[in-house]
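Read through the structure below, which is laid out as structure tokens, and then see the notes.
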Amino acid sequence: MDEYYTNAFPINKYFINRIISENCIRCLCKITKLEKKEKIEELLYSISATLGGIYIDDYNPMKNKFSFYIWKGILNKKIKSYGSEWLINKMKNMGFKDPENKTLLNYVKKKYEKDIKFDIIKKEKIEWSNLDWEIKEKIVLGAIKTHPTIRKLIEYKNEKFIDKIGKKILTYFSITITSDENENYFLIVKPKHKIISSETIYNMLKNNKIDFKTLERKLLNGSALITTSRAVGRRKYVKIKKIISPKEKEYWQHTQDINEHYEKEGVPISVGGDDIHCYIFIGEDDYAYHTKNSLLYEGVTEDVQKILLDMGKFLEELETAKSILKQGNLIDFSREFLNISTKDDYTLTLLSTLSDIKVKLKTESGIITGDYQKLREIFDWIFDKSFNPLKPKNCYLPLSIPPILNDKKKIGVYIFYSNISDPELRFIEGIFKKLGLICAINKSVPKIEVKLKKEVDFEDYANSRIIITQTVLSNLEDGEQPFLICISPLLPNNEFDELKMHLFSHPQLIFHQFMYPFNLRKCLEKESFKKPFINSILSQFFHKMGMYLFSLSDELGNYDFIIGYDISREKDDIGKIKGIGGSAIIYNNYGHVKSIITFDDVGSSEIGRYDLLFAQVHSELIPHLNLNNKRKIKILLLKDGRIFKKELEKLSQISKKYNFEITYIDVRKSTLLRFWGVRRGKVVPEYKNSYGKFGRAYYISSHYYNRFFKQPIAIVEKYHIDEGNYKRVEIEENDIKQLVLLTKINYSQLMPDKMRLPAPVHYAHKHVNAVRRGWKIKDVSILRSGCLPTI
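So, in structure tokens, the structure goes:
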């Protein structure tokens, strides 16, 4: 075990024990106006969270009542006591005339008044000891956000031009709360960054420094915001929901309103006219902005993150946060906590490292076992100019061939390309031609043959899909399985999605691989890039079609199946979150996919359609185990996110119906906690495959440090479900080790230390994201054959 710093600060126990726990209440509310009853649960959750409380999930549509838990100090505390200039200005913009003497409840009622009106009709004290720990953490988080020190921390913004980066960087902080079994509470503080453009969006468009389609894509999908000082003297960060060009009718009304506003404020800017670069942006607040006065505000790249880290910015920024926290008495810097190790005012923790991870590989002479790092060498023979298929050396073969390829004589590779040079085309063609030698070593692999090469204008996406389809179908032979290589420039999201939707909907076009011309160019220019890139391409070639090149050397516990589950969510027309589909990927206990199950119309909650999922698990997979009816089927179920009571109740029924014994573990990928050491004054990350417990959760850092600070995953809950009952059980170290092993099953890259999440969760997320984007595979037999076409 090694000791590491964390970005967690212990909260003063007096604040928890005397101020919050003794003053926690349940508020019963009466709804007096409700515009739409759809998605009411999400609306009530949002209202409660904005107020600093937690919705109890008790909405009664007959009585129009709901309730939430909250620290009662929030309801009476005047806004002026928060020390929040941002909140005061926000309320002034909403029409409050004396915001300093209003409360957060006034703010929340005003914010949501278009959707709902409500009144608190009853307040009752609740026993702190009776509350679940996650509810307590949310109440504590809501309470501390009213503290002036915390308001100063979360409203902190520092813009600074970094010479090494050549850009202005915005630094700010995100916070959350975690606790341990001894009711110790910790404030976790994470520095974050955004890049602010040095020029206005108008100038970048005018001088061709940014493409409008690229800008539009970034703004509308939320990966970038605009920053504007429309309100004189204040910079505002705005999420955009609509872009209006000068050609549209409504453009003139918006420009007129903006110009009138500027004239009134005395701002020397005029917008509109025939200026084709002056687009109008409509923010989520329905306010209109424009390109002449707006800067672009977007996330930092990996390279920028690395520069900031190497410059020592992470520790520097945490020291800034620490200096802010020391201005109040909320954080216990006196080290009065028992059994908590600290150093330099940072909380310390211990991490272990899992070593000696083994995988099984197949060679001409049989199955071998080796260190999982050998996965990087699987295709080294491709680059060996002296390779002889009659005397293959270090050539690794698929461990299994899926049923859909059993009657295939050939895999025909069709290369469709655009914007590449002849050497680049010859390079990728040569890789697949050499790959064809593998069938001379292993006769169970269908012959791999480059059928043809054809130039296509992918930017004409409507015509390109017709050409691709007709070309493949007109050249297809009996007993051939087509595989398409599409070398395309970066397309706008909507056009790329349309093309992918078409390919996945056609049974002969499902197996395909996109790659960008600049990556092929980089292969020829940079030797160090060539091998990992080709490893990734060839790994996807095999695993998309269900030909598995490796497995874990040991079974993962006693489980018969391991299932990763995820739900796709997006906003509806009024901005509320809705669930639109779910995906489950089912693995055997060596890490091979057995089946992929997709669901549509899951609903608005994260409660999946487990009844249908496990009915299909039972009907499709259980018969293959050749078990008698007395033996229980053991399943490990993994999900990204919190486990809900309704899920557990449904799974309990399923366990009894199908004689299943289910172990259910949540895997949370979004965490603010970080671990690090300091060497020669610089931050150094924890080792790969590290794990340890902090608070109530285990944390896993299975991926290697590449360009930015590691983000671990959190393992918070584990349930045992059997014979119609469920109970929460302790997470054991062996569970964590098994999850680390699952992070090594990286089928899309053969770079086992690059994947953060356990493979069942990672690929369920990738597949359901494909479903969300409309990439639906109509031939479900492919999904039931162990293939991974969407990786």
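Numbering (my numbering), first residue to last: -9 to 781. For each residue, glycine too, the CB sits at the ideal point set by N, CA and C. As the structure is a prediction and not an experimental result, all values here were calculated from the model.
Q.
For F58 and W123, what's the separation of their Cα atoms in angstroms?
A. 16 Å
**Q.** Distance between K516 and F523 (C-alpha atoms, nearest Å)
**A.** 11 Å
Q: Give the DSSP bridge partners of A278, in chain order.
A: I272
Q: State the beta-bridge partners of I705 as determined by DSSP.
A: V657 and Y688
Q. Is I191 near T281, with beta carbons less than 7 Å apart?
A. yes
Q: Pick out the complete alpha helix (DSSP H) segments inside the region 355 to 390, 4 residues or longer, and give them in chain order.
A: none
Q: Pick out whichever of Y577, D769, N50 and F634 has its Cα sitting closest to the Cα of L611.
A: Y577
Q. Straight-line CA distance for I564 to I272?
A. In this predicted model, I564 has a pLDDT of only 41, less than 50, meaning its place in the structure is not dependable; the value taken from the coordinates is given anyway. Going from the Cα of I564 to the Cα of I272 covers about 15 Å.
Q) With a cut-off of 7 Å, does the C-beta of Y146 fall near any C-beta of chain E? A) No chain E appears in this structure, which consists of one protein chain only.
Q) Opposite A39 in the DSSP bridges: which residues? A) DSSP lists no partner for A39.
Q. Can you give, in chain order, each stretch of the alpha helix (DSSP H) that sits fully within the region 506 to 580 and has at least 4 residues?
A. 507 to 515 and 517 to 534
Q.
Applying the 10 Å Cβ sphere with the 16-neighbour rule, what's the burial state of D630?
A. buried
Q: Sort C513, Q503, S342 and L463 by Cα distance to H496 and report the nearest one.
A: L463
Q) If you drop the 5 nearest sequence neighbours on each side, which residues of the same chain put their C-beta closer than 6 Å to that of F323? A) D335
(Q) Quick check: what's the CA-CA separation for N834 versus K400? (A) Residue 834 falls outside the range modelled here, since the chain spans only -9 to 781, and no answer is possible.
Q) What are the uninterrupted segments assigned as alpha helix (DSSP H) that are 4 or more residues long and contained completely in the region 621 to 648, given in chain order? A) 635 to 648
Q: Locate the beta strand (DSSP E) running through E149, then write down its first and last residues.
A: N148 to I152
Q. I458 lies in the beta strand (DSSP E); which residues open and close that run?
A. From DSSP, I458 is part of no beta strand (DSSP E) but of the alpha helix (DSSP H) over Y451 to N465.
Q.
In whole angstroms, give me the CA-to-CA distance for R416 and Y407.
A. 12 Å
Q | Spatially closest choice to R511 from S411, K734 and I705, by CA coordinates | A | S411
(Q) Using only the alpha-carbon positions, how far apart do R220 and N283 sit? (A) With a pLDDT of 48 at R220, under the threshold of 50, the predicted position of this residue should be treated as unreliable, though the coordinate-derived value follows. Near 7 Å, if we compare the C-alpha coordinates of N283 and R220.
Q) Opposite C846 in the DSSP bridges: which residues? A) The structure shown does not extend to residue 846, since the chain is modelled only from -9 through 781, so no value can be given for it.
(Q) Our contact map puts A704 next to R658 with C-beta atoms below 8 Å; I'd like the distance itself, whole angstroms only. (A) 4 Å
Q: Name the one or two DSSP bridge partners that K55 has.
A: K20 and N50
Q. Under three-state DSSP, which class holds V222?
A. With a pLDDT of only 43 at V222, under the threshold of 50, the placement of this residue in the model should not be trusted, and no figure is reported.
Q: Could you tell me the distance, in whole angstroms, from the CA atom of S390 to the CA atom of S660?
A: 35 Å
Q. Can you give the Cα-Cα distance for N736 and Q643, rounded to whole angstroms?
A. 34 Å
Q | Cβ-Cβ separation, I21 to F108 (assumed contact under 8 Å), whole Å | A | 5 Å
Q.
Comparing C-alpha positions only, which one of A214, L493 and F540 sits nearest to Q790?
A. Because the chain here runs from -9 to 781, residue 790 falls outside it and cannot be looked at.
Q. Assuming N465 and L499 make a contact with CB atoms under 8 Å, what is their CB distance in whole Å?
A. Their Cβ separation, rounded to whole angstroms, is 13 Å, which puts N465 and L499 out of contact at 8 Å.
(Q) With three or more beta-carbon pairs closer than 8 Å as the criterion, would you say the region 45 to 64 touches the region 139 to 154? (A) no
Q) Is the distance from the Cβ of I721 to the Cβ of K708 below 7 Å? A) yes
Q) Taking the C-alpha atoms as reference points, what is the distance between I78 and E173? A) 34 Å
**Q.** Closest by C-alpha distance to T218, when choosing among W242, E255, I106 and L286
**A.** L286
Q | Cut-off 6 Å between Cβ atoms - residues of its own chain near R763, not counting five sequence neighbours on either side | A | D487
(Q) Can you give me the C-alpha to C-alpha distance between N715 and K766, rounded to a whole angstrom? (A) 36 Å
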